[in-house]
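In our numbering, the protein residues as written are 3 to 323.
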């Protein structure tokens, strides 16, 4: 699975501090037609001091020059910049330079080619492989890594979960031929890679937040004769008083009451508040609220009893029709 970091900057242990007066932040490459500091640079004298990879560009710090893919280094051309090093074409050969200046490999430039039209080349994705690594392995010299990644993604939709960052291990990738690799301009491909990565990061953040949500507990249905105080006592966490739990249950389940803790509906399903949400009320406040609601409920009961008694008395004294 390809995970593109927002910014990764790697320095060799032997790298020197930037030259005095060099601007901070994202470096700007030397344009391809700008004169190099040392036109006679040879691979043996190159010092790759650092690599900067972001969503919008890939930059390598060679000696005191800041170069992008496609820029010139003396008489050589920067072909690819990756976390592991920089690939440079020198004459008819391609050289891979590690951070620090080590020449990691050198092959004839004609060997690194994408398939010609009509040639079917496949790649089996191994554990630990990334789309960026596969793209660098098969891309043409004049094709950027982002162009190759988007071409691989579009040629093999079944190998991804609708995002370039979710590549299935064991998938068989069809390597696009030369005609398919220039379908997107380098700038368009870079923007598309950034869009995929931003969407993947947002989805990952949402999944992480959901995974961290506590599992919700429920109790019910409430049986005839059950009281809220009894339910609260059985389900209260350590350190929470019964009255605090009563108020928490009442506030979490307003549909289960007739606006009073003492009128709990039979058959109701109660959501048990998560331990981290308790308590909303201090013990004294919860006790005072329980007493207040109980007083209101008792007054209503007395009023109903008085009304029922009056109705019964009137019905006894009413004359027969």
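Note that the Cβ used here is the ideal one computed from N, Cα and C, for glycine as well.
Since the model is a prediction, treat every value here as computed from it, not as a measurement.
In terms of alpha-carbon separation, which member of the options lies closest to residue i?
i: residue 291; options: 253, 60 and 50; result: 253
i: residue 190; options: 76, 148, 311 and 140; result: 148
i: residue 132; options: 92, 175 and 68; result: 175
i: residue 60; options: 73, 224 and 178; result: 73
i: residue 2; options: 161, 93 and 67; result: An answer regarding residue 2 cannot be provided, because it is not within the stretch 3 to 323 covered by the chain.
i: residue 242; options: 305, 224 and 286; result: 286
i: residue 56; options: 197, 312 and 294; result: 197
i: residue 143; options: 134, 96 and 168; result: 96
i: residue 54; options: 79, 48 and 87; result: 87
Compute the beta-carbon to beta-carbon distance between residue i and residue j, rounded to the nearest angstrom, for a pair I have assumed lies under 8 Å.
i: residue 245; j: residue 288; result: 4 Å
i: residue 171; j: residue 127; result: 6 Å
i: residue 195; j: residue 248; result: At roughly 55 Å, the Cβ-Cβ gap does not stay under 8 Å, so residue 195 and residue 248 are not in contact.
i: residue 98; j: residue 89; result: 5 Å
i: residue 316; j: residue 296; result: That pair is no contact at about 30 Å.
i: residue 266; j: residue 230; result: 5 Å
Going by the beta-carbon positions, is the gap between residue i and residue j smaller than 9 Å?
i: residue 262; j: residue 299; result: yes
i: residue 274; j: residue 251; result: yes
i: residue 201; j: residue 165; result: yes
i: residue 84; j: residue 50; result: no
i: residue 81; j: residue 71; result: yes
i: residue 268; j: residue 240; result: no
i: residue 125; j: residue 177; result: yes
i: residue 129; j: residue 154; result: no
i: residue 199; j: residue 146; result: no
i: residue 173; j: residue 156; result: no
i: residue 68; j: residue 75; result: no
Chain B beta carbons: is any one of them nearer than 9 Å to that of residue i?
i: residue 286; result: Any reference to chain B falls outside this structure, which holds one protein chain only.
Touch test, the stretch 180-192 against the stretch 232-246, Cβ-Cβ under 8 Å, three pairs minimum: At 8 Å Cβ cutoff, the stretches do not touch.
- Any chance you could list the beta strand (DSSP E) runs of at least 3 consecutive residues sitting entirely within the stretch 163-231, in chain order? 174-176 and 219-221
Handout entry: Runs of beta strand (DSSP E) wholly within the stretch 242-276 (minimum 3 residues, chain order)
Key = Qualifying beta strand (DSSP E) stretches, in chain order: 272-274.
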